[in-house]
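J.: The structure follows.
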DNA sequence: GATGAATGAGGATTCATTCAT
DNA sequence: GATGAATGAATCCTCATTCAT
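Chains as they are written, first to last, in my numbering: chain B, 113 to 301; chain D, 113 to 301; chain L, 113 to 301; chain R, 113 to 301.
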């Protein structure tokens, strides 16, 4: 079972979503197609599981960052949050992109939705502490901007992730600067 | 020929890229498969043509906006630019998303690349006029952020585009606020 | 009409029988498919006409050689006959091979059969004059051997036709040496 | 797998190469198209395997004949060699012709080339023992003549193979009579 | 007569899934 | 539980032929 997921991961990383077919996965995993179907009811189910794990690890990482930054000023928290958000893209760009592609094709999975929500919650928690009026909207946008910049950066071969992170921080902080807050101090710090 | 493109467009809009197959396109277009292949050498060619048209219209729209805003302050130019950039997503969210997916799968097409470059050039032209040190990077990031926010907004059903546009402007202006400029005035206006 | 045959010939020569399709022929001939079908009822008919012409030219050439050698000894006649038989392969190896392939696929055509018969008759006339008991059989075999050697020689790129001709003469004369004759002289000359 | 080859063989024998298509083969073999593709990667591969087997059996038969005739005079060896060379055409004329046609269309296969070479080598071994100056050329020509006569005999329905063999022997011996040899005796025996 | 757009049956190939062993 | 051979619907594409203009 782990072998099946591992094999799928490898194919996703190397040749993308379209190259994932049950026969190839089974062969690479060293099991038979029959066994594959014993553990997963369908090809989709394998991908769904992988997507679930990705979302879980992402949300876990962001939640941890959010907790760690609980008492820190925004200018310090945002870079840490952004690093957490970008982590998967940075370490596994092709795999992550392929899994996001898979996620888009798959029917809505509750666990995946929960993971996405958790990512947002972590951001919301972080932003809420700093008095933003609509932390949900801001969280969603920041995550979306981040994904946008990272995906575009990846598209042209492996990018300089230091630069990517710097620009993401700039985008996030810039965006937040324009967001309405209750009783805010003039600076974000 | 237009009928074929129209049929493909309809399928793309309704059921996404995976649902586009030559038989269905031909049927919906009211022609035979043979005729389809008389006008397009392959399934890919149909999609390529549609992608090309999308890129062309996008770049045209942005170039026009850039020209129109030539002498205006950034705070006025950015909203106009952003509206132009988002137009396709706003009017045809599912179709546009499907075509972007198609674009990713298709081999690099010179016209499409030119279209993409033109979009960036329009942004660069606009930003360059306001003294940004690296307008290319800023242009790429703003376009990427924009796409990110729009795609995320679309994902959960048809969004309130007025809100989307407002947030995109906020993101773009916020990002630019943090960008290095030569001899810049303290404000963006 | 000649243009159609000419175009077909060109395709046959360059890309072989499988590459002959009505659209390509029409295009290369500079006419429309419709016109093509005005002159020839089917794709096969075009090929049949070409095969017919090949057989006609072959039989004409051999008949002429046979007539010219009417009063000459076999050792002189055979080289001339062989040269005539091989002429088409020598000048148009690819085209001739392609047409023989076509002939094999086509339904028996009376004209083509007549041409084949005429080739045989020319050989028979030549051999009959020299007292062979079964000139028909000998003629058929000599023609067949000739084709065999030529086709095999051609298979490995353009051969040295001087050598090919010499070997064919050797084969033909050697074969005839072993054939029963009525009142034959001990030598073939 | 054997069933697939058997079905293909049957179609080849009955209706020739053009009639071989994967659907028909699968149906006649009593398997699904999917199964066919489990055993053979393509239509060509099926034909290639059949061609390979034909070449193998031909070369095996000729090599055996060559070995058996190692110490016998040419006049005795040639009939045996010719019988071996013609065997496939004699027992399966239509199938053999169809497979040779297939071979011509298929990309060069190393095994098939080896088989062809082996056929020639067997002839060369046999001829070399009798002092022919250029046994390679003679071998090629004799094989080619043989094929030529057999194919032509076959063309007009199933021939009298006793007669065919006799004529092939005559052709081979006659050809060899005219070939240069080192220190040869006046007769071929 | 000429045109060439339209037709659609036919053919090769893929791959998710099943099920007898 | 495991296996992997078998399935066949689905898909892309070709090309001989027709027929309205």
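A virtual CB, placed ideally from N, CA and C, is assigned to each residue, including glycine.
Report yes or no: is there a C-beta of chain R within less than 7 Å of the C-beta of residue 287/L?
T.: So yes, residue 287/L belongs to the interface.
J.: Could you tell me whether the Cβ of residue 123/B comes closer than 7 Å to any Cβ of chain D?
T.: So no, residue 123/B is outside the interface.
J.: Since residue 283/L and residue 257/R are thought to touch, with beta carbons under 8 Å apart, how far apart are those beta carbons, to the nearest angstrom?
T.: Indeed they touch by this definition, with Cβ atoms about 6 Å apart.
J.: Excluding the 5 residues flanking residue 270/D on each side, which residues of the same chain have their C-beta closer than 7 Å to its C-beta?
T.: Hits under 7 Å: 205.
J.: Along the stretch 263 to 278 of chain B, what residues have a CB closer than 9 Å to any CB found in chain D?
T.: Going along the stretch 263 to 278 of chain B in chain order, one finds 263, 264, 265, 267, 275 with a Cβ nearer than 9 Å to chain D.
J.: Within 7 Å (strictly less), CB to CB, does residue 221/B reach chain D?
T.: Not closer than 7 Å to any Cβ of chain D, the Cβ of residue 221/B fails to qualify, so no.
J.: Should residue 175/R and residue 234/R be called a contact, given that it needs their Cβ atoms to be closer than 7 Å?
T.: Yes, they are a contact pair.
J.: Using a Cβ distance threshold of 8 Å, determine whether the stretch 154 to 167 of chain D contacts the stretch 211 to 227 of chain D, with at least three qualifying pairs required.
T.: Short answer: they touch.
J.: When burial is assigned at 16 or more other CB atoms within 10 Å of the CB, is residue 260/L buried or exposed?
T.: Residue 260/L comes out buried.
J.: State whether the stretch 239 to 247 of chain B contacts the stretch 234 to 248 of chain D, with contact taken as three or more CB pairs (one from each stretch) at a distance under 8 Å.
T.: The answer is no - the stretch 234 to 248 of chain D does not touch the stretch 239 to 247 of chain B, with fewer than three Cβ pairs under 8 Å.
J.: So, for residue 177/D: in the same chain, excluding its five sequence neighbours on each side, which residues have a beta-carbon less than 6 Å away from its beta-carbon?
T.: Excluding residues within five positions, the ones whose Cβ falls inside 6 Å are 192, 193, 196.
J.: May I ask you to report which of helix, strand or coil DSSP gives residue 220/R?
T.: Reduced to three states, the DSSP call for residue 220/R is coil.
J.: Output needed for residue 211/B: all residues of its chain with C-beta closer than 7 Å, excluding positions within five of it in sequence on either side, in chain order.
T.: Hits under 7 Å: 124, 162, 163, 166.
J.: Could you list which residues in chain L have their beta carbon closer than 7 Å to that of residue 252/R, in chain order?
T.: In chain order: 264.
J.: Less than 8 Å between the CB atoms is what I'm expecting for residue 218/R and residue 159/R, so what's the real figure, rounded?
T.: Contact flag correct, Cβ pair sits at about 6 Å.
J.: Given residue 114/L, which residues of its chain have a CB within under 6 Å of its CB, disregarding the five upstream and five downstream residues?
T.: For residue 114/L, where only same-chain residues beyond five positions count, there are no Cβ hits under 6 Å.
J.: Given a cut-off of 7 Å, decide if residue 190/L and residue 129/L are closer than it, judged by their beta-carbon atoms.
T.: No; because the gap between Cβ atoms is not below 7 Å, this pair is not in contact.
J.: Applying the 10 Å Cβ sphere with the 16-neighbour rule, what's the burial state of residue 120/R?
T.: Flag for residue 120/R reads buried.
J.: Ignore the nearest five residues each way along the sequence and tell me which others in residue 291/D's own chain have a CB closer than 6 Å to its CB.
T.: Contacts found: 244, 250.
J.: Helix, strand or coil for residue 228/L, going by three-state DSSP, please let me know.
T.: Residue 228/L falls in the helix class under three-state DSSP.
J.: Let's test the definition: count the other Cβ atoms within 10 Å of the Cβ of residue 127/B and tell me whether it reaches 16, buried, or not, exposed.
T.: Classification of residue 127/B: exposed, given that the 10 Å Cβ count is below 16.
J.: For the candidate residues 155/D, 279/D, 151/D, 156/D, whose alpha-carbon lies nearest to that of residue 254/D?
T.: Measuring from the Cα of residue 254/D, the nearest candidate turns out to be 279/D.
J.: Any idea what DSSP makes of residue 206/B, helix, strand or coil?
T.: Note: residue 206/B maps to helix in three-state DSSP.
J.: Excluding the 5 residues flanking residue 199/D on each side, which residues of the same chain have their C-beta closer than 7 Å to its C-beta?
T.: Once the five neighbours on either side are set aside, the close Cβ partners of residue 199/D are 173.
J.: Run the CB neighbour count on residue 379/L, radius 10 Å, all protein chains shown included, and call it buried at 16 or more, exposed below.
T.: No answer is possible for residue 379/L: it lies beyond the span of chain L, which begins at 113 and ends at 301.
J.: Under a three-way DSSP split, which group does residue 293/B fall into?
T.: Residue state, collapsed to three classes: strand.
J.: Strictly under 7 Å for the Cβ-Cβ distance: is residue 180/B near chain D by that measure?
T.: It does not; no Cβ of chain D falls within 7 Å.
J.: For the candidate residues 294/R, 122/R, 276/R, 221/R, whose alpha-carbon lies nearest to that of residue 202/R?
T.: The option with the nearest alpha carbon to residue 202/R is 276/R.
J.: Using the beta-carbon of each residue, which ones in chain D are nearer than 9 Å to residue 260/B?
T.: Result: 253, 255, 256, 257, 258, 259, 260, 261, 262, 263, 264.
J.: Give the straight-line distance between the Cα atoms of residue 182/L and residue 188/L, rounded to the nearest whole angstrom.
T.: Cα-Cα distance, rounded: 11 Å.
J.: Just to confirm my understanding: we take residue 131/R, look at its own chain, exclude 5 residues before and 5 after, and list those with CB closer than 7 Å. What are they?
T.: 123.
J.: For the alpha helix (DSSP H) containing residue 182/L, name the first residue and the last one.
T.: From DSSP, residue 182/L is part of no alpha helix (DSSP H); its letter is neither H nor E.
J.: What residue does the alpha helix (DSSP H) around residue 265/L start on, and which one ends it?
T.: From DSSP, the alpha helix (DSSP H) with residue 265/L extends over 247 to 267.
J.: Alpha carbons only, please: which of 138/D, 146/D, 208/D, 242/D is nearest the one belonging to residue 184/D?
T.: Measuring from the Cα of residue 184/D, the nearest candidate turns out to be 242/D.
J.: My output table needs one value for residue 316/L: the three-state DSSP class, helix, strand or coil.
T.: Outside the modelled stretch of chain L, which goes from 113 to 301, sits residue 316/L, for which no answer is possible.
J.: Return the CA-CA distance between residue 135/L and residue 265/D, expressed in angstroms with no decimal places.
T.: Those two C-alpha atoms are separated by around 50 Å.
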